[in-house]
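The sequence shown begins at 121 in my numbering and counts up by one. Each residue gets a CB set at the ideal place from its N, CA and C atoms; glycine is no exception.
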Amino acid sequence: MANFKLTISDVKGKSITKELKEGDANPLMGLVIGAETDAAIVGLAGKLKITGGSDKSGVPMRGDLHGMARKRVLLSKGVGLQDTEHGLRKRKLVRGNTVSDEIFQVNCKYDGEIKDEAPPAEAAAEDAPKEDKKEAPAKEDKKE
């Protein structure tokens, strides 16, 4: 079965990562880049739009390559290729636009605003009462 790391970004730029295991990941199987799905699978209300992803070895998904296969394609710009000088083309390994069990990370765009579920650990530590620290007795230097 498939396990996914789902990276969800909202319109304000905040992002969270959720891990989907086994049965929870099934609604994403077979969806293509640009498809929308219900956000209830991660506990949010609204819709998620798939924007990309990568497989277990880090090969990125490309929206204009149909299917689930990994292919070496000749690229001049876009996903899977760093900015190069004008006119340069390179053959790079990219994955198709369909989510399969070989995909490890799926990137999504959330149509609402992500709210903090729990306060950060630092804020919780500041609110907790501070204990008085007892100093250890100083050691005396012995000269013989």
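Check, Outcome
"Option nearest T127 by Cα separation, candidates S174, H186, E142, V199", "S174"
"Inside the stretch 169-222 only - beta strand (DSSP E) runs reaching at least 3 residues", "190-195, 210-215"
"Rounded C-alpha distance that separates L208 from K235", "43 angstroms"
"Meets three-Cβ-pair contact criterion under 8 angstroms: the stretch 218-237 and the stretch 179-195", "yes"
"Cα-Cα separation, Q225 to G154", "15 angstroms"
"In DSSP terms, what N227 is bridged to", "T127, G172"
"For S196 and I170, the rounded distance between their alpha carbons", "24 angstroms"
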